[in-house]
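One structure below.
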C-alpha cells in the first residue's frame, strides 16, 4: 500500500493506516543516523523545492537534509512576505516551479489553504510544511513518531496540548493524528486561545493545567507568540506563565514518566523553563532528529506515487 | 402599443394570480385584461403562453463598480447582467472610487445609466463622506440628485454618534438608511464564519455576534429616533430574531437576505475556494433555517443579490488574500425559485413580493413593483418550470465569481420589458 493522495496536506485527510505507514517507514529511515555514509539513492534524479513564504529553520533544514540524504536535488526558495504583498501571485510561482520540473514541493505559507491551492494546480507532490493556523502535518507526524518511540504505543495515552491552540497548526495536526491513533486529547489554555467549537474535533477542553496535568502521559507544549498579548488575548506574559508555564513545581503534580514535547522554537522561561526542556522527561532534541527520519519517510512515500511499496533504504 | 397575451400574471400588489393579458402604452401599463383583446391595434404582440408575468424584478443591493473598478464591472455590463437575470431596476451601492458621496457623483451614475444601461438604475448615496464614517455626506444635495437610500455598505458606521446624526438628519426626508452591520473590531481579519469549520480550516472567523451587535444597535437607534432602517444582508439567526422583535414593536425596520445566505453554509469553504468568500460570511445550517423562517413569516422583506463582481484573477488566489463578494444578478431568480418556491418555503406571489413589491416600497418607487394601470411598464416574463444549469461562462456580467456554478435549478427568464421597451427577447438581450 501507499498514500492515496499525491500530496500531504494535512492529517485530517489521512486514514489511520496511512499515518501508521508513514511512522513505520520512518523507523528504518532513522537508522541512517548511525551510519558512516549518510546517503541513499532513493530519490536520485528527483528535484525537491523548499518553497517557504514564512521563515523557518528547523522544518526547512530537516526537509533539506532528508532530501539530500536520499540523493534528491534540492532548491530552496524563501519568499519574503513583502513580495507577496507586492502581488507576486502564487499561481505564477507555481508555473515557474512546474517548468523547472519540480517533483516535490514542500511549502510553508501564512495563508491557510495555500498548499491546497497549489496542489490543485500542479502535478508535483505538494507537502504542507505549515499553512497559517490550519495544519502542520509533518511536525505532528514527528510528534507521533516520538511518542510511539518513547511510549511504545499511542492508543490509550492521555495527551495534553498546552498553549495557544487558536493560532496553532501544530495543535490541529496533532489532534487529528492522536485521535485517529486512539489517544485521548485535552487542549489546555486560556479561553481566549481555545478556538470555537474545538470539542467537536473530538478533544476535551481545560482551562486548568494544574488539574489536567495529573493523569497526563504526554504534554505537548506550544510556542506562545508574545505578540498575541498585544492583541489582548491574554493580560500579560507573567500571568500566562503563572497559569500555563511548564516548570518543575508544576510537574510535581504529573506522573513521573510524563513525556514533554515542544515543536520548537521554544521561548525558554515562558511556556517552558530551560531546566525542564533539557531534563530527561523532555524529548525536544529527539524530536529534531526524528524530524529528519519522518520527513525522509514522507518524501519517499509521496515521491513513489502509486508504485508498489518497497524498501526505503 | 404592446400586448403581452396569455400570461399567467402574478402580482402580489394587486392580488392577481391567474391568466391575463397586459396592455402597454408607451412606458406605462395601460391595463390588465382578462377577456379577449383584439391584436390588430398593437405594434408588437408577445405570446406569453406558458410564461409567468411578474412586475419587473428589483434588486436593491448591487455593486456596479463604476466609477473606479471598471475591470470588475461597469454600469453597462452590470445592467446587462441585471436584465438577463430578470431585473428591471437595480439600486447601486456607493462604494465606488470615488464614493458616491455628493450630488455630482450621483448624477454621473444616473446619466451614464440612462445612456448605457439596460435597466433602471437607482442610486444609493453614502452616509458619510468617502464612506469613512466620520462626517455626514451632503445628504440634501444627494436627495436632490435623486438617491433613494443612504448606505456606507461595505463599512459599518462604527461611530454611534455619527450614525445617530445620520438618522436624525434624515428625518427631513422619507428615505431609509441601509445598514451594513458588522462590528469592525469583532470582525477584524476574519474571512469566514467563526465555528467548527473556521477552527478546522485554520481561517480567522467572524463571529455571528459581530453582525448581531450592530443590528441591535441600529434597530434600537432607529426605534428611539423614529428613523427608517433597512438592514442589509442578514446572515444569522440572531439578526433575524432582532428584526422580528423590532417589527413586532412597530419599529420602522426592514431587512433583506441574499440567495447565498438562504442556500449555503460555511461547509462550502472546505476547499478554500474564494468563490465562497463574502461578507457577511456563509453561516451554519441553523442560521439558514432561521432565515427561511424569517422569509416565511415576513420578518425578511426582500431578497437582494449583493452582486459584488471581481475579476477572475483577483478571486483565484489564497483564500485570505481574495476580496470579499460574489455575484448574483443572473442567479438570484433561479436559486430563489428552486430553494424557496419549489421547496414550499414561499408561494410564487410571496417571492415576487420580496423581489419586486417590497423593494419598490422600501426604496419609495411607487410606480414600480406592481402590474396596474399607470404603473411603469416594467415586466419580467419567466418560464418558471424550465430547468436550467447555472454556468458562469454564459453570464452577461463581466465577472464569474458565483458560488452557484453548476447549480441545477428552475426558471428561465424569457422576456424583460423595461419602460415599455423589450430589453430581453426570448432570453437574448436585444436593446437597451
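Chains as they are written, first to last, in our numbering: chain A, 1060 to 1372; chain B, 21 to 452. No residue lacks a Cβ here, since even glycine has one placed at the ideal position from N, Cα and C.
Give the straight-line distance between the Cα atoms of residue i and residue j, rounded to the nearest whole angstrom.
i                      : j                      : result
residue 47 (chain B)   : residue 83 (chain B)   : 26 angstroms
residue 1167 (chain A) : residue 1136 (chain A) : 11 angstroms
residue 62 (chain B)   : residue 53 (chain B)   : 14 angstroms
residue 159 (chain B)  : residue 388 (chain B)  : 24 angstroms
residue 28 (chain B)   : residue 250 (chain B)  : 32 angstroms
residue 322 (chain B)  : residue 382 (chain B)  : 9 angstroms
residue 297 (chain B)  : residue 141 (chain B)  : 26 angstroms
residue 451 (chain B)  : residue 396 (chain B)  : 18 angstroms
residue 1263 (chain A) : residue 1219 (chain A) : 9 angstroms
residue 218 (chain B)  : residue 303 (chain B)  : 11 angstroms
residue 239 (chain B)  : residue 311 (chain B)  : 18 angstroms
residue 94 (chain B)   : residue 117 (chain B)  : 13 angstroms
residue 148 (chain B)  : residue 111 (chain B)  : 18 angstroms
residue 1356 (chain A) : residue 1082 (chain A) : 8 angstroms
residue 1371 (chain A) : residue 1196 (chain A) : Low per-residue confidence applies at residue 1371 (chain A): pLDDT is 38, beneath 50, and the placement is therefore not dependable, though the value from the model is reported in the following sentence. Each residue's Cα considered, the two are about 21 angstroms apart.
residue 162 (chain B)  : residue 156 (chain B)  : 11 angstroms
residue 192 (chain B)  : residue 186 (chain B)  : 11 angstroms
residue 1092 (chain A) : residue 1126 (chain A) : 14 angstroms
residue 264 (chain B)  : residue 314 (chain B)  : 8 angstroms
residue 1099 (chain A) : residue 1090 (chain A) : 12 angstroms
residue 270 (chain B)  : residue 278 (chain B)  : 24 angstroms
residue 1193 (chain A) : residue 1122 (chain A) : 20 angstroms
Using DSSP bridges, identify the partner residues of residue i.
i                     : result
residue 169 (chain B) : B:144
residue 285 (chain B) : Per DSSP, none; premise fails for residue 285 (chain B).
residue 25 (chain B)  : B:67
residue 438 (chain B) : B:441
residue 250 (chain B) : B:198 and B:274
residue 112 (chain B) : B:82 and B:143
residue 40 (chain B)  : B:27
residue 53 (chain B)  : B:41
residue 373 (chain B) : Answer by DSSP bridge pairing: none, since residue 373 (chain B) is not bridged.
Answer yes or no: do residue i and residue j have a C-beta to C-beta separation smaller than 8 angstroms?
i                      : j                      : result
residue 222 (chain B)  : residue 1132 (chain A) : no
residue 1242 (chain A) : residue 1199 (chain A) : no
residue 305 (chain B)  : residue 285 (chain B)  : yes
residue 1153 (chain A) : residue 1130 (chain A) : no
residue 49 (chain B)   : residue 392 (chain B)  : yes
residue 151 (chain B)  : residue 174 (chain B)  : yes
residue 1299 (chain A) : residue 1283 (chain A) : yes
residue 433 (chain B)  : residue 407 (chain B)  : no
residue 361 (chain B)  : residue 371 (chain B)  : yes
residue 342 (chain B)  : residue 294 (chain B)  : yes
residue 1275 (chain A) : residue 1314 (chain A) : yes
residue 177 (chain B)  : residue 153 (chain B)  : yes
residue 1352 (chain A) : residue 340 (chain B)  : no
residue 1094 (chain A) : residue 1350 (chain A) : no
residue 419 (chain B)  : residue 347 (chain B)  : yes
residue 255 (chain B)  : residue 30 (chain B)   : no
residue 1389 (chain A) : residue 1209 (chain A) : Here chain A covers residues 1060 to 1372 and nothing more, so residue 1389 (chain A) does not appear.
residue 453 (chain B)  : residue 280 (chain B)  : The first residue shown for chain B is 21 and the last is 452, placing residue 453 (chain B) beyond what the model contains.
residue 1335 (chain A) : residue 1307 (chain A) : yes
residue 1149 (chain A) : residue 1176 (chain A) : yes
residue 71 (chain B)   : residue 44 (chain B)   : no
residue 260 (chain B)  : residue 282 (chain B)  : no
residue 68 (chain B)   : residue 443 (chain B)  : no
For residue i, does the count of other Cβ atoms within 10 angstroms reach 16, so buried, or fall short, so exposed?
i                      : result
residue 1077 (chain A) : buried
residue 1369 (chain A) : Interpretation of residue 1369 (chain A) is limited by its pLDDT of 41, a score under 50 that renders its predicted location unreliable; the figure taken from the coordinates is listed afterwards. So residue 1369 (chain A) ends up on the exposed side.
residue 405 (chain B)  : exposed
residue 1366 (chain A) : Because residue 1366 (chain A) sits at a pLDDT of 48, beneath the cut-off of 50, its placement in the model cannot be relied upon, and the following sentence gives the value as read from the coordinates. So residue 1366 (chain A) ends up on the exposed side.
residue 1324 (chain A) : exposed
residue 448 (chain B)  : exposed
residue 1105 (chain A) : buried
residue 1212 (chain A) : exposed
residue 1097 (chain A) : exposed
residue 299 (chain B)  : buried
Legend entry - Stretch pair the region 105-112 of chain B + the region 60-79 of chain B: three plus CB contacts closer than 8 angstroms: Output reads yes: the region 60-79 of chain B touches the region 105-112 of chain B.
Inset, instruction - Determine, using beta-carbon pairs with one atom in the region 1234-1248 of chain A and one in the region 1068-1076 of chain A, whether at least three such pairs fall under 8 angstroms. - result: Yes, they touch.
Legend entry - Stretch pair the region 219-237 of chain B + the region 1247-1259 of chain A: three plus CB contacts closer than 8 angstroms: Enough Cβ pairs lie closer than 8 angstroms, so yes.
Legend entry - Three or more C-beta pairs below 8 angstroms linking the region 1333-1344 of chain A and the region 1281-1296 of chain A: With a cut-off of 8 angstroms, the region 1281-1296 of chain A and the region 1333-1344 of chain A do not count as touching, because too few Cβ pairs lie within range.
Legend entry - Inter-stretch contact at 8 angstroms, needing at least 3 Cβ pairs: the region 1080-1100 of chain A / the region 1110-1123 of chain A: Contact between the region 1080-1100 of chain A and the region 1110-1123 of chain A is absent, because fewer than three Cβ pairs lie under 8 angstroms.
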